[in-house]
Amino acid sequence: MSSDLLDVRRIYFEAAAAELPRGKEVLARFPEAQLVEVASHNRIDELYGDETNVNRWVRIKREALVLGVKKTLAARPNGRSADFIAPSTANGCAMACAYCYVPRHKGYSNPITVFANIDRIEGYLKRHAAKQGVKPAPNECDPVAWVYDIGENSDCSVDARISDNVRDLVTLFRWMPNAKASFATKHVNRDLLEWDPQGRTRIRFSLMPQRDAKLLDIRTSPIAERMAAIDDFVAAGYEVHVNFSPVVVRDGWLEDWAVLLDELDAAIGPAARQQLAAEVIFLTHNRDLHQVNLGWHPKAEELIWRPDLQQPKRSQNGSWNVRYRTGAKGEYVAALVGLIGERLPYCRVRYAF
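Reading the sequence shown from the start, the letters are residues 251 to 603 in our numbering.
Structure, rendered in structure tokens:
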């Protein structure tokens, strides 16, 4: 475990989670942590909803851990990155990317919550995949398999440093003939190389120009380290894609993306190139998160809060998001997709928006 990333000193736990085998395993990994029993993993006053925690944003991520039980299990249709969003086995993150959407739902801090009822989650996924049967036709998610995103609200590579939940899911999907797991990551965890996924788990390494990453991708693995890991993960039996995400528009942005694409081309070998595909996702920001970020990382906001380039849109949950203006954004997307075609002609763009 990276002591720089995680130094768990306090664990907030639901009693039911602590009684489960996975809960006991997690507690045993951090024997010196202070234990605080809570009624609910998502209602902890001293963590969530206290604006004074902005001053301790990163410290809370590093030192606090929450252990709970996932109450509602559902696989939501997605259809873009994956066919379905799987029930979470964790949410929150020890990293602190300035654009992350998860804190919008959790208030003023966002430490990792681990769900201990992994057996119930696995059982649900097995039944759900079996009910789907054979995929009737190829789509942009996958030509053959139903794809389940197992890390919508967390980074599975970091989660794997805390519990065996992610490893259990990789093992589960190894034996599913009609489905595969998928998750995006900004953290290189080489322990995953020993898991033998046999092509049934897709890892998507998120990439952006180093100039942007230095300011926005806080506490993550360096971009060069992520690219250097791709060949090793392909050799270990993973399907490896890349997420060009989030794409931030600024002076010189396209030139810096050209440099990144050339660096990626130089970093990977024939096996990785043969199976490479990409998702391209332009920045969406949020007004409430903008206010939070001003309290701990205002320099990032100079880059990603650009009213001169963005337009507001109310999200389904009622909050205000901002994204690049219609019309101009279409030009940005076309320019980057064209550049990918020039620099990485073997890299299929699965979708871009």
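The beta carbon of each residue, even a glycine, is placed where N, CA and C say it ideally should be.
Predicted model only: the values in this text are computed from it and were never measured.
Quiz item: Is P327 helix, strand or coil by DSSP?
Solution: Three-state DSSP puts P327 in a strand.
Self-check item: Inter-residue Cα distance where the pair is C597 and D392
Solution: Near 15 Å, if we compare the C-alpha coordinates of D392 and C597.
Quiz item: Where does W425 fall in DSSP's three states?
Solution: DSSP places W425 in the coil class of the three-state scheme, outside both helix and strand.
Exercise. Check P595 in the structure and name its three-state DSSP category.
Key: Three-state DSSP puts P595 in coil, outside helix and strand.
Self-check item: Per DSSP, cross-strand counterpart(s) of T322
Solution: None, per the DSSP bridge assignment.
Quiz item: In or out: G401 buried (at least 16 other Cβ within 10 Å) or exposed?
Solution: Buried is the call here.
Quiz item: Are the CB atoms of R453 and T470 nearer to each other than 8 Å?
Solution: Looking at the sequence itself, residue 453 is Ile, so the reference to Arg does not match. No, these two residues do not count as a Cβ contact at 8 Å.
Exercise. May I have the straight-line CA-CA distance separating L533 from D295, to the nearest angstrom?
Key: The straight-line gap separating the alpha-carbon atoms of L533 and D295 is approximately 31 Å.
Exercise. Indicate the three-state DSSP secondary structure (helix, strand or coil) for K436 in the structure shown.
Key: Correct three-state label for K436: coil.
Quiz item: So, is P562 buried or exposed, given that buried needs 16 or more other C-beta atoms within 10 angstroms?
Solution: Exposed, because fewer than 16 other Cβ atoms sit within 10 Å of the Cβ of P562.
Quiz item: Short check: CB of R600 to CB of E529, under 8 Å?
Solution: Yes, Cβ-Cβ distance for R600 and E529 is below 8 Å.
Self-check item: Distance between A344 and C350 (C-alpha atoms, nearest Å)
Solution: Rounded to the nearest angstrom, the gap between the Cα atoms of C350 and A344 is 12 Å.
Self-check item: Beta bridge counterpart(s) of A527 as assigned by DSSP
Solution: R598, per the DSSP bridge assignment.
Quiz item: How about A267 and A550: are their beta carbons less than 8 Å apart?
Solution: Going by C-beta atoms, A267 is not nearer than 8 Å to A550.
Quiz item: Any idea what DSSP makes of D543, helix, strand or coil?
Solution: Checking the displayed sequence, the identity of residue 543 turns out to be Asn instead of Asp. Per DSSP, reduced to three states, the secondary structure at N543 is helical.
Quiz item: So K430 and N360 are in contact, right, with Cβ under 8 Å, and what is the actual spacing, rounded?
Solution: Beta-carbon to beta-carbon, K430 and N360 are separated by about 28 Å, too far to satisfy the 8 Å threshold.
Practice problem: Return the residue from the list R326, A314, P472 that minimises the CA-CA distance to F455. | Solution: Nearest neighbour of F455 by Cα position, chosen from R326, A314, P472, turns out to be P472.
Quiz prompt | Own chain partners of L589 with C-beta closer than 7 Å, once the 5 adjacent residues on each side are dropped | solution = Hits under 7 Å: L504, W507, A508, L511.
Quiz item: S407: which of N439, L422, L419, V394 sits nearest, CA to CA?
Solution: When only C-alpha atoms are compared, the closest one is N439.
Quiz item: Given a threshold of 16 other Cβ atoms within 10 Å of its Cβ, counted over all protein chains shown, does F263 qualify as buried or as exposed?
Solution: With 16 or more other CB atoms across the displayed protein chains lying within 10 angstroms of its CB, F263 is buried.
Self-check item: Neighbourhood of E475 by C-beta, 8 Å cutoff - its chain only, sequence neighbours within 5 removed
Solution: Only V438 meet the Cβ criterion.
Quiz item: Residue range of the beta strand (DSSP E) that E287 falls in?
Solution: E287 -> beta strand (DSSP E) spans 284-287.
Exercise. Going by CA-CA distance only, name the one from A602, S565, R593, W570 that's closest to L581.
Key: In the sequence as presented, Leu is not what sits at residue 581; that position holds Glu. Each of A602, S565, R593, W570 was checked against the Cα of E581, and the nearest Cα belongs to A602.
Quiz item: Taking C-alpha atoms, which residue in R461, L442, E592 lies nearest to G502?
Solution: Of the listed residues, the one whose Cα sits closest to G502 is R461.
Quiz prompt | Reduced DSSP secondary structure (H/G/I, E/B, other) of N536 | solution = Strand at N536.
Quiz item: Fully enclosed by the stretch 452-483, which alpha helix (DSSP H) runs are 4 residues long or longer?
Solution: Counting only runs of 4 or more, we get 460-466.
Exercise. Take L586 as the anchor and find which of N543, P496, G545, L559 has the nearest alpha-carbon.
Key: It is P496 whose Cα lies nearest to the Cα of L586.
Quiz item: What is the DSSP secondary structure of D399, reduced to helix, strand or coil?
Solution: Of the three classes helix, strand and coil, the one that applies to D399 here is strand, per DSSP.
Practice problem: Use the C-beta contact count for K320: other C-beta atoms within 10 angstroms, 16 or more gives buried, fewer gives exposed. | Solution: Buried is the call here.
Self-check item: Proximal residues to A346 (C-beta, below 7 Å), its chain only, five neighbours per side dropped
Solution: So the list reads W307, V308, K311, I468, R469, once near-sequence residues are dropped.
Practice problem: Give the C-beta separation of R260 and A278 to the nearest angstrom, bearing in mind that I take them to be a contact with Cβ-Cβ under 8 Å. | Solution: Going by Cβ atoms, the distance from R260 to A278 rounds to 16 Å, so no, they are not a contact pair.
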